[in-house]
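Q:
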Amino acid sequence: MNTLNIVIPVLNEEQSLARGIETTISFLTNTIFNESYSITIADNGSTDKTQEIAMELCNVYTNVNYFRVSKRGVGLAFREAINRNKCDFIGYMDVDLATELRYLVEVYKNMYDGKADIVVGSRLIQGAKVVGRSMKREITSRGLNILLHIILGVKFSDAMCGFKFYRREIAERLVAECSETDGWFFCAEMMIQAEWDNISIHEIPIEWHDDDKSKVKIVRLSADYLSEIVRLYKKKKELRRYS
1 MNTLNIVIPV
11 LNEEQSLARG
21 IETTISFLTN
31 TIFNESYSIT
41 IADNGSTDKT
51 QEIAMELCNV
61 YTNVNYFRVS
71 KRGVGLAFRE
81 AINRNKCDFI
91 GYMDVDLATE
101 LRYLVEVYKN
111 MYDGKADIVV
121 GSRLIQGAKV
131 VGRSMKREIT
141 SRGLNILLHI
151 ILGVKFSDAM
161 CGFKFYRREI
171 AERLVAECSE
181 TDGWFFCAEM
191 MIQAEWDNIS
201 IHEIPIEWHD
211 DDKSKVKIVR
221 LSADYLSEIV
231 RLYKKKKELR
241 RYS
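First residue of the sequence shown: 1, per this note's numbering; consecutive thereafter.
1) Since I believe S134 is in contact with I128 (beta carbons under 8 Å), could you give me their beta-carbon distance rounded to a whole number of angstroms?
2) For the candidate residues I229, L174 and N5, whose alpha-carbon lies nearest to that of R84?
3) Check each candidate in V60, L124 and E180 and name the one with the smallest Cα separation from S157.
4) Among I8, Q51 and Y233, whose alpha-carbon lies nearest the alpha-carbon of E14?
5) Starting from E100, trace the beta strand (DSSP E) in both directions and tell me its first and last residue.
6) At what residues does the beta strand (DSSP E) containing G73 begin and finish?
7) Could you say which of G91, L104, T140 and A116 lies nearest to N30 if we only look at CA atoms?
8) Mind checking G75: buried by the 16 CB within 10 Å criterion, or exposed?
9) Using alpha carbons as the reference points, say which of V69, S26 and A18 lies closest to A54.
10) Out of M191, I139 and Y225, which has the shortest C-alpha to C-alpha gap to R167?
11) Per DSSP, which residues does K164 bridge with? Please list them.
12) Are the beta-carbon atoms belonging to V95 and G20 less than 9 Å from one another?
13) How is K86 classed by DSSP in three states: helix, strand or coil?
14) According to the Cβ coordinates, are V7 and N44 closer than 9 Å?
15) Verify whether the separation of the beta carbon atoms of D88 and T3 is less than 9 Å.
16) For W208, write down the residues that DSSP places opposite it in a beta bridge.
17) Hey, how far is the Cα of I90 from the Cα of I199?
18) CB-CB under 7 Å to R79, same chain, minus the five flanking residues each way: which ones, in chain order?
19) Going by C-alpha distance, which of R173, M93 and E100 is nearest I39?
20) What does the alpha-carbon distance come out to for the pair A188 and K234?
21) Where DSSP assigns a beta bridge to F67, which residues make up the other side?
22) Answer with buried or exposed for A223, where buried requires no fewer than 16 other C-beta atoms within 10 angstroms of its C-beta.
23) With burial defined as no fewer than 16 other Cβ atoms inside 10 Å of the residue's Cβ, what is the status of F33: buried or exposed?
24) V41: buried (16+ other C-beta within 10 angstroms of its C-beta) or exposed?
In structure tokens form, the structure reads like this:
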């Protein structure tokens, strides 16, 4: 049976880490996954008891792994997880379980059946449901996705959703082709590069519960996204010039 590596990036998650991991394990072991999965806790700079709790979880559950990168950055953590990965499929989701766990079954089936090389959740297509999201975050998210469509010409709907999964060889290829930016945008860039490479992307509508305690700084994140969009626009122009 094909194996799935679920990467969970964490930063100071001592309050939610054990619950998130144990809830996920309970779900996985009672569905089609049985033991054909791995959970990777990817710590990008925690200063609380996250590391201690993660190590305790690793001691209890043989399919839970932990590593720590040298500095903060979700992109850095996910890139390192891909470099370490041995499973057939790999992706990431939030420790607060903002995305309903039942969608992992849909992800796995789509990839196992060969329907797509990448399966991602979307909060912006028909059938999706978003609970508890502020108007500010909603407008910002939609605005950034619109900019991606207009400036970079991509067609997928939700670059910022934290629920994305890849075939191992596709993830490795995209890491080699993308920049080494450490922040959240790296995860969006993988999607953008995949579409430019004509890699099949399958979007599924998800139910998303927004976390009002999220550590994401939406203004700073938006500024970073805008800077990276400009960089990729220049890259796209260069590619066209030499194609």
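Here a beta-carbon is modelled for each residue, glycine too, at the ideal position from N, C-alpha and C.
This structure is a prediction, so every number in the text was calculated from the model and none was measured.
A: The answer reads as follows:
1) As a working mapping, residue 128 is identified with position 128 in the sequence shown. As a working mapping, residue 134 is identified with position 134 in the sequence shown. Going by the sequence as given, residue 128 is Ala instead of Ile. Wrong, their Cβ atoms sit about 17 Å apart, outside the cutoff.
2) Here residue 84 refers to the residue found at position 84 of the sequence shown. Looking at the Cα atoms, N5 is the closest of the given residues.
3) Taking the first residue of the sequence shown as position 1, residue 157 is located at position 157. Checked all of V60, L124 and E180; the closest Cα to S157 is L124.
4) For the purposes of this step, residue 14 is taken as residue 14 along the sequence shown, with counting starting at 1. Looking at I8, Q51 and Y233, the one whose alpha-carbon comes closest to that of E14 is Q51.
5) Working through the sequence shown from its first residue, we reach residue 100 at position 100. Premise fails: E100 is in no beta strand (DSSP E) and is neither H nor E.
6) Taking the first residue of the sequence shown as 1, we reach residue 73 at position 73. Unbroken run through G73: none, as it is neither H nor E.
7) On the sequence shown, position 30 is the one that residue 30 refers to. For the residues G91, L104, T140 and A116, the minimum Cα distance to N30 belongs to L104.
8) Residue numbering aside, residue 75 sits at position 75 when the sequence shown is read from its first letter. With 16 or more other Cβ atoms within 10 Å, it is buried.
9) Taking the sequence shown and counting its residues from 1, one reaches residue 54 at position 54. The option with the nearest alpha carbon to A54 is A18.
10) Translated into the one-based positions of the sequence shown, residue 167 becomes position 167. For R167, the nearest C-alpha among the options comes from M191.
11) The residue given as residue 164 occupies position 164 in the sequence shown. For K164, which the question treats as bridged, DSSP gives the partners Y92 and V120.
12) Indexing the sequence shown from 1 puts residue 95 at position 95. Indexing the sequence shown from 1 puts residue 20 at position 20. A contact, by the Cβ cut-off of 9 Å.
13) Walking along the sequence shown from the start, residue 86 turns up at place 86. In the structure shown, K86 sits in coil (DSSP, three-state: anything other than H, G, I, E or B).
14) Position 7 of the sequence shown, counted from the first residue, corresponds to residue 7. Position 44 of the sequence shown, counted from the first residue, corresponds to residue 44. No, these two residues do not count as a Cβ contact at 9 Å.
15) Here residue 88 is taken as the residue at index 88 of the sequence shown, counted from 1. Here residue 3 is taken as the residue at index 3 of the sequence shown, counted from 1. It is a contact, given that the beta carbons lie within the stated cut-off.
16) Locating residue 208 in the sequence shown gives position 208, where the first residue counts as 1. T99 and V130.
17) As a working note, residue 90 is residue 90 in the sequence shown. As a working note, residue 199 is residue 199 in the sequence shown. Going from the Cα of I90 to the Cα of I199 covers about 16 Å.
18) Within the sequence shown, numbered from 1, the residue matching residue 79 stands at position 79. Cβ within range, chain order: V175 and F186.
19) Here residue 39 refers to the residue found at position 39 of the sequence shown. Ranking R173, M93 and E100 by Cα distance to I39 puts M93 first.
20) Residue mapping note: residue 188 aligns to position 188 of the sequence shown, counting from 1. Residue mapping note: residue 234 aligns to position 234 of the sequence shown, counting from 1. When rounded, the distance between both Cα atoms is 16 Å.
21) One-based indexing of the sequence shown puts residue 67 at position 67. Residue pairing of F67 in beta bridges, as defined by DSSP: A42.
22) As a working mapping, residue 223 is identified with position 223 in the sequence shown. That one is exposed.
23) Sequence index remark: in the sequence shown, residue 33 carries index 33 (1-based). So F33 ends up on the buried side.
24) Within the sequence shown, numbered from 1, the residue matching residue 41 stands at position 41. Per the sequence shown, residue 41 should be read as Ile rather than Val. With 16 or more other Cβ atoms within 10 Å, it is buried.
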